[in-house]
Structure formats: structure tokens, C-alpha cells
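Below is one structure, written out as C-alpha cells; comments come after it.
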């Protein structure tokens, strides 16, 4: 179950840390966000080091569908209503600046960068699409409502945003990571103010960036309440048509479409981690609408979801002035990773950044999703079953589709033998027990 991006792909490899280290900035996490932070800091001449517990690009980055767009579902009409026109405009500008930066960096790089139009469609909600198109127009975007799409089922229309992009994420990561100061197989065991204890030695740093997908430090920031995780699934279909753009359903769960190298990447089936799911519905859709297509690859991915639909990028908590975070990308990890790298570089260098207040992690958490997250956590803690997640003690659910044990509270995942797959847990689960059920 490997993504199409990993086929015949050799990323640069880096030695583990051996001994103590002193640096100005420590970056924890070698996915797209962490690597881009390292790249931006290196360009600024900052002394930095990045540590990765496994290999760079081995986590969520390798499983993305790699759409680079500032169109994140039907978000802008909602942002205007909830936060005002200026916040919505800044959110759009931050993501458009991220897209422009990818375009600039990809010019001299073999990463299959292609300009594509992005479209958010609805099966029955033409009115909400028209409101979103109008909101984007108010923000200065060239978006418009499109009544018809080249998809194999009827739709109410779509919001069309031109001049977005797609690429090969691991080819891009390969190009950007070369020459950076990276230590692989260097796991952080303990994090304290100004220092991190790793498997390779003590790292002392003036500032620390946590770019580990789900933040690994529980003592500050309440991220275990402010985030939850969703799984979703992808089929790569050979023999399916070229849809000519990037399409996403405005609903959850819904379907997404984009092409790559003669394949149609069909995504969907989103659900909270630890709940039932899998590829079954995608397979049924492919059989119905693309009966002549063959499944060339399948994989799943996991995304951190925030309370208000915007990422948390900035100071980790009010009580940690030298600790920073980038998380909660809400399935839009490519532009969010770049926006995070540019914003955090400015914050570390003491420069003003107009986007800081939009992504500030300490903004209000009084949202309806907070109650849902808390309810799920309480239910997980009170469920009288084993095994339990080493993160915060919630009951794990067996995932029959992927043969894993998943935590419905915060999204940690483990192989059947207890080996850690996805954080926020940082250690393997040593005793898994034999009971299976739930998911």
C-alpha cells in the first residue's frame, strides 16, 4: 500500500546525530513543513539543525495528493462571516504567496510541477458555491462559478480558481533537502526549554520548531483538545480519463480527483481516525464509473484538523516564547507547509509578518468541534478495553482495513505488533493484547 510518489524514488539520506550539538534553531520533524523551515532558515544564514526520528518524507508527505492551491474547500465565505473580510483576505494571500514560492522554487527542479485549475464542486449546493465564488471575488481573486464539469456524475456546479498547481512532492523534497543540515534516525526523547534530549545526544538551541504533524509536547498549548485526526484513502487508476484539473467535493466525506503520469488519483472516504473506513467505497465508485480502469496503487493518509479550519502556526503557547509549532493543515498540507516556513522564519528573525495573527495558535478555541473532541477523548478514556494508547491512555480500536490499532481520541496508530505508525504517541505500544473490534 505505497503511494505513487514512492515508486523508484530515492531521497537523499543523512547520518544520525552522534554527540551533543549547539545550534540557534532546532527543527523537529522531517516532513514538508520541517524541510521547508530548514531551507528558509538556511537561505537567511541562520544556524539550524533538523532532526527526524525516521527518514525525511516518510510520514504524511509521501501520502499526499499534492495539490498546491489556495482554494481550501468552501472556506472563504465562512471566514468572512466568522472573522471578517481582512482575516479572510490575509488567509488567501498567505496561501497564494505559498503557491508563488513553490512556482519559483520549481523552475529549476525536476518535480513535475504543473499549473492546474482547482475546482470545489457540490452535488446539490449551487447556492453555497455561488456564495463562495462571490466571497473570493470580494477578496480580489479571479474565481467564478462553473455550472458544468467533466466528471462522470451530475453536479450542481463548482467554484473555479485558475492558475493553481500540482507536483511530485518527493521529487520536490529531494531537490530542496540536498545540502541541508539534517540528522535522520534521531528521535527526540525529551523536550525542555532550550534543549532536546535525542537518541544521538543533547541538542541545545535558542529556539525550537515542532513540525511533527501532531505536536508531541502535551504540557503546553492544549493541542490534544484543539486537534483531531482524519484518515482518507486514495486509488490510482490506470485507464481512467484525464479530468483536466484538480477537483474536490465540498462535503466530508466526498471525492477528489487529479491526474498524474497517466493515472487518475481518486481520493475520498474521510473519517475520524479510529472509526470504520477503508477503500471499499472508492473501489465501488471506480467499478461503477470507470469499469475499464485498473487499480495501479492504493494508499491512505492522515490529516490534523483544527477547530476553526485554519492551521496553528506560530508560538507554541503563550508560556513558551522560544518554542514554535506548525500543525493542523486541514488536508491542505502543501501550501500550509510553505506558509508555515515563511511565517516561522520571520518570527524567529524578529521580523513583522502580517499573517501571524491569522495563524496564531493561541487564538480562541471556543468552537463546536472542541466539545466533540472532548467527548471523544472522554469516551476513549472510559472504554474498558485493552490495548490502550501510550499517548494519553485512550482505548485503541482495531482497523481491519489497514491491519492497525488506531486511537480515536488523538489519532495515534500502531502496527499489529505495537510498532508506532503515526503520532502524537512517541513510543511503541509494547503489549497489544489479542482483542480486536470496533473499526
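Residue numbers (my numbering): 1 to 439. For each residue, glycine too, the CB sits at the ideal point set by N, CA and C.
Straight-line gap, residue i to residue j (C-alpha atoms, nearest Å)
i, j, result
"residue 190", "residue 413", "21 Å"
"residue 310", "residue 415", "31 Å"
"residue 91", "residue 162", "17 Å"
"residue 320", "residue 7", "41 Å"
"residue 304", "residue 228", "6 Å"
"residue 209", "residue 99", "22 Å"
"residue 23", "residue 353", "24 Å"
"residue 141", "residue 129", "15 Å"
"residue 406", "residue 280", "19 Å"
"residue 329", "residue 306", "8 Å"
"residue 149", "residue 116", "15 Å"
"residue 81", "residue 94", "19 Å"
"residue 418", "residue 240", "38 Å"
"residue 16", "residue 49", "12 Å"
"residue 346", "residue 282", "42 Å"
"residue 348", "residue 361", "16 Å"
"residue 12", "residue 420", "23 Å"
"residue 185", "residue 28", "12 Å"
"residue 401", "residue 276", "8 Å"
"residue 286", "residue 404", "25 Å"
Three-state secondary structure (DSSP) of residue i
i, result
"residue 22", "strand"
"residue 107", "coil"
"residue 210", "strand"
"residue 257", "strand"
"residue 324", "strand"
"residue 198", "strand"
"residue 115", "strand"
"residue 388", "strand"
"residue 10", "coil"
"residue 357", "helix"
"residue 205", "strand"
"residue 1", "coil"
"residue 346", "helix"
"residue 225", "helix"
"residue 382", "At residue 382, the pLDDT of 49 sits below 50, so the modelled position is not reliable; the number obtained from the coordinates is stated separately. Looking at residue 382 - three-state DSSP - the assignment turns out to be helix."
"residue 218", "coil"
Sub-7 Å separation of residue i and residue j beta-carbons
i, j, result
"residue 224", "residue 243", "no"
"residue 300", "residue 233", "yes"
"residue 338", "residue 151", "no"
"residue 122", "residue 88", "no"
"residue 31", "residue 75", "no"
"residue 211", "residue 203", "no"
"residue 200", "residue 318", "no"
"residue 63", "residue 214", "no"
"residue 263", "residue 293", "no"
"residue 145", "residue 135", "no"
"residue 114", "residue 166", "yes"
"residue 120", "residue 250", "yes"
"residue 265", "residue 65", "yes"
"residue 205", "residue 25", "yes"
"residue 159", "residue 143", "yes"
"residue 274", "residue 408", "yes"
"residue 111", "residue 172", "yes"
"residue 312", "residue 335", "no"
"residue 182", "residue 324", "no"
"residue 298", "residue 109", "no"
"residue 207", "residue 58", "no"
7 Å Cβ cutoff, residue i in contact with chain B
i, result
"residue 355", "Reference to chain B is not applicable here, since this structure consists of a single protein chain."
Whole-Å CB distance - residue i paired with residue j, under 8 Å assumed
i, j, result
"residue 154", "residue 5", "About 32 Å separates the two Cβ atoms, so there is no contact after all."
"residue 356", "residue 314", "6 Å"
"residue 268", "residue 245", "Residue 268 to residue 245, Cβ: 17 Å. No contact."
"residue 272", "residue 230", "6 Å"
"residue 175", "residue 316", "Contact flag wrong, Cβ pair sits at about 30 Å."
Review point. In the region 392 to 420, which residue ranges form an unbroken beta strand (DSSP E) of at least 3 residues, counting only runs that do not cross its ends?
Key: 397 to 399, 404 to 406 and 413 to 415
**Study point:** Runs of alpha helix (DSSP H) wholly within the region 231 to 319 (minimum 4 residues, chain order)
**Key:** 280 to 289
Practice item. Counting only runs of 4+ residues fully inside the region 25 to 99, write out the alpha helix (DSSP H) ranges in chain order. Key: 32 to 43 and 76 to 83
Point to revise | Contained alpha helix (DSSP H) runs [length at least 4] in the region 117 to 186, N- to C-terminal order | key: 126 to 138 and 169 to 177
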